[in-house]
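Each residue of the sequence shown is one higher than the last, beginning at 35 in our numbering.
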Amino acid sequence: ICVQMSIYSVSSYLFCFFTQVSHLQEECFIEGDKIEKLSFAKRQVSTSMDFAADSAFWGHISGGLNTQAIHHCFPSVSAMHLRALYPRFRKVC
């Protein structure tokens, strides 16, 4: 049980770290009157930050949390497909 709890603890820490890195950046905070004018998709892209989106390593370590913007626009798409979709997503955004 100790090994299992260690795995849960490390996974929880990594999940919290990667979600906060992707959202708690100065660039992700938009003033209330400006954000209300944005469409759903633009709001999702504006309030999340991606990092190393083309990296298989960071995709695996973060559980796909390195591609937050596309995940928020298409939440039902599996994280394993986001890296392949990302170049087309960036062309649009």
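Beta carbons are placed, not taken as given, at the ideal position from N, Cα and C, and that holds for glycine.
From a predicted model like this one, the values you see are computed outputs, not experimental measurements.
Three or more Cβ pairs drawn from the segment 74-82 and the segment 105-116 lie within less than 8 Å of each other, which places the two stretches in contact.
Around the beta-carbon of D84, 16 or more other beta-carbon atoms lie within 10 Å, marking it buried. For V111, there is no enclosing alpha helix (DSSP H), as DSSP gives it neither H nor E. Per DSSP, C50 is one residue of the alpha helix (DSSP H) stretching across C36 to H57. Each residue's CA atom was taken as its position, placing C50 and D88 some 21 Å apart. DSSP, reduced to helix, strand and coil, places G97 outside both helices and strands of the structure shown, so it counts as coil. Sorting F63, S46, C36 and A113 by C-alpha distance to the C-alpha of V79 places F63 at the top.
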